[in-house]
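Protein chains in written order, with the numbering used here: chain A, 11 to 259; chain B, 595 to 906. Don't be surprised by glycine CBs; every beta carbon is placed ideally from N, CA and C. For clarity, every value in this text was computed on a predicted model and none was experimentally measured.
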């Protein structure tokens, strides 16, 4: 195992309460804190741990997005990635185009393992990992909660609806991370200083030869219908009586 | 006319409850002719169950020993081949569908719509984004095949109908050997399935320990309900991951949802907002869960749970 490629997406921070713009053209992002997609942070942490155990020589962080995504890549470098590439693109690129761009970089960088988040918390698509695996014609192991590398194979425990499932795939492969795979480390100040000297290359979709013409068009965004606040009851007896009256118990 | 292919999820010879909901979504596409694809080792029973859903025009059965347990890398090339000529290829927004459908989309070079919650036309759909904090209406360029996952909580199950004809289909797509199933550890339970239960009782971090979480299980059993948990309770090890309710866990729509010791983070609320009636029990009167609850009760859950049980 030599190189691990990790996907890093710039998204509205996990703790921001997202609001739809009044004109329905999108959500409010002006002045809003942006961060690494939490599942991508887990992907990076896993790659770093594999490298620290001697399972890889290099961790390469890749982002597709606006110039500002360099901030998230610098954070990734501060966490411990060795090198970063920004593929400059519009704010919103469809997962299939993202997968095509990753494939171009894979052909150039020949990673043994690609680790991506299982979904991004902005568009919630949950598509890029399997799409990339399909285009690359390589195995996928999605929703990973445990990753064990054994030579040219990786054994992955997956969080599935029925519980946990373990599969074994040959490398190279695509793994997507679930929440409980690990807890990402905090970035320390000296690492932020060091990260400034690490290489961050910038390219774009056209240079990679990727056609990112949109196939989907979002016509409008709306806030979700709100539930009405109900009644507060004072006692357990009052609660059970109310539920009984509605035929719910 | 729209030719809609629905990929059936199944296990141990039984059709997953999500399939009937996918069929309802598929049938809502104008001019839809709905075909259900069953890829199985021995799929006669599953195919028969799919054929007896209202709205299904035919069932394609592909039998191959390698099809079970389901592996996306093995199923995707077969689904992509069966999808030839289809306008829409749908699967459930379960871990099965979320794993498989984007791989199919990749093979087809087709765009995917994830978590379809409403059908507006053959090319226009609604889906949640930002953990359900916004709903996007998305238009797909006409004349292009679309892959989709269906948010099962948004659709009623198709009723009985048919039986539709079952055709054996042969696929000659080469299947990869690079992926191997090793094991599955599913907690065996006599309780109703969380995803489809009419009643769900969920516990949060306030339970404080795995032992105390048994209080939730006991109340659920008393109500004939499934057990759920907040992400905090799962992260703390009080409940297994498959019980997590919320945006990154299961999205459910029971008749009755009882949230106990759950504060109501937005990620959790996203998973329950289609519930018919929400009951919240929490000692913090300011907890956000009370903003969405139909019935709220402020108090100590350790005193209230036994009291409720004695009243049932």
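Exercise. Counting only the same chain and skipping the five closest in sequence on each side, list residues whose C-beta sits under 7 Å from that of residue 602 of chain B.
Key: 609, 613, 630, 631, 632, 640, 644
Practice problem: Report yes if the C-beta distance between residue 1 of chain A and residue 778 of chain B is below 9 Å; otherwise report no. | Solution: A question about residue 1 of chain A goes unanswered here, because the residues of chain A that appear run from 11 up to 259.
Exercise. Report the partner residues of residue 633 of chain B according to the DSSP bridge assignment.
Key: B/656
Quiz item: Under a CB-based cut-off of 9 Å, is residue 604 of chain B close to chain A?
Solution: no
Quiz item: Just the Cα atoms here: how many angstroms apart are residue 906 of chain B and residue 857 of chain B?
Solution: 25 Å
Quiz item: Taking 8 Å as the cut-off, does the CB of residue 14 of chain A come closer than this to any heavy atom belonging to the ligand MN?
Solution: As presented, the structure is devoid of all ligands, the ligand MN included, so that no description of it is given.
Self-check item: residue 905 of chain B: contacting residues in chain A (beta-carbon distance under 7 Å)
Solution: 246, 247, 250
Quiz item: From residue 217 of chain A to residue 82 of chain A, what distance separates their C-alpha atoms?
Solution: 22 Å
Practice problem: Return yes when the Cβ of residue 208 of chain A is within less than 9 Å of the Cβ of residue 58 of chain A, no when it is not. | Solution: no
Quiz item: Can you tell which of A/182, A/174, A/26 has its C-alpha closest to the C-alpha of residue 191 of chain A?
Solution: A/174
Exercise. Report back the beta-carbon spacing between residue 72 of chain A and residue 95 of chain A to the nearest angstrom; my notes put them in contact at under 8 Å.
Key: 5 Å
Quiz item: Mind checking if residue 35 of chain A is an interface residue toward chain B, Cβ cutoff 9 Å exclusive?
Solution: no
Self-check item: Listed by chain order, chain A residues near residue 709 of chain B by CB distance under 8 Å
Solution: 134
Quiz item: By Cβ distance below 7 Å, which residues in the same chain neighbour residue 114 of chain A in space, the five residues on each side in sequence not counted?
Solution: 218, 219, 220
Exercise. On a CA-only basis, which of A/211, A/45, A/60 is nearest residue 161 of chain A? Give me that one, please.
Key: A/60
Quiz item: Taking the C-alpha atoms as reference points, what is the distance between residue 131 of chain A and residue 62 of chain A?
Solution: 28 Å
Self-check item: C-beta atoms of residue 699 of chain B and residue 106 of chain A nearer than 9 Å
Solution: yes
Practice problem: Out of B/692, B/729, B/674, state which residue places its alpha-carbon closest to the alpha-carbon of residue 704 of chain B. | Solution: B/674
Practice problem: Answer yes or no: does any C-beta atom of chain A fall closer than 9 Å to that of residue 778 of chain B? | Solution: yes
Practice problem: Would you mind telling me which residues of chain B sit closer than 8 Å to residue 171 of chain A, beta carbon to beta carbon, in chain order? | Solution: 688, 689, 690, 789, 836, 844
Quiz prompt | Amino acids of chain B, ordered along the chain, whose beta-carbon sits closer than 8 Å to that of residue 6 of chain A | solution = Given a span of 11 to 259 for chain A in the structure shown, any question on residue 6 of chain A remains unanswerable.
Quiz prompt | CB contact below 9 Å: residue 877 of chain B versus chain A | solution = no
Self-check item: Assumed close pair residue 181 of chain A, residue 163 of chain A - CB separation to whole angstroms, cut-off 8 Å
Solution: 7 Å
Quiz prompt | Any C-beta of chain D under 9 Å from that of residue 112 of chain A | solution = The structure shown contains no chain D; its protein chains are A and B.
Self-check item: Residues from the segment 723-754 of chain B in contact with chain A, defined by Cβ distance under 7 Å
Solution: 723, 724, 725, 726, 727, 728, 729, 730, 731, 732, 733, 734, 735, 738
Exercise. Spell out whether any CB of chain B is found under 9 Å from the CB atom of residue 177 of chain A.
Key: yes
Quiz item: Under a three-way DSSP split, which group does residue 145 of chain A fall into?
Solution: helix
Practice problem: Helix, strand or coil for residue 211 of chain A, going by three-state DSSP, please let me know. | Solution: strand
Quiz item: Can you find a C-beta in chain A that's less than 9 Å from the C-beta of residue 773 of chain B?
Solution: yes
Quiz prompt | Contact with chain B by residue 217 of chain A, beta-carbon distance below 9 Å | solution = no
Quiz item: What distance in whole Å lies between the Cβ atoms of residue 760 of chain B and residue 655 of chain B, which are believed to be in contact at a cut-off of 8 Å?
Solution: 6 Å
Exercise. Figure out for me which residue from B/663, B/844, B/748, B/829 has the closest Cα to the Cα of residue 820 of chain B.
Key: B/844
Quiz item: What did DSSP end up calling residue 673 of chain B once you bin it into helix, strand or coil?
Solution: helix
Practice problem: Indicate the three-state DSSP secondary structure (helix, strand or coil) for residue 52 of chain A in the structure shown. | Solution: helix
Quiz item: What are the boundary residues of the alpha helix (DSSP H) that includes residue 806 of chain B?
Solution: 804-817
Quiz item: I think residue 254 of chain A touches residue 121 of chain A, with their Cβ atoms under 8 Å apart; what is that distance to the nearest whole Å?
Solution: Rounded, the Cβ-Cβ distance is 60 Å, inconsistent with contact.
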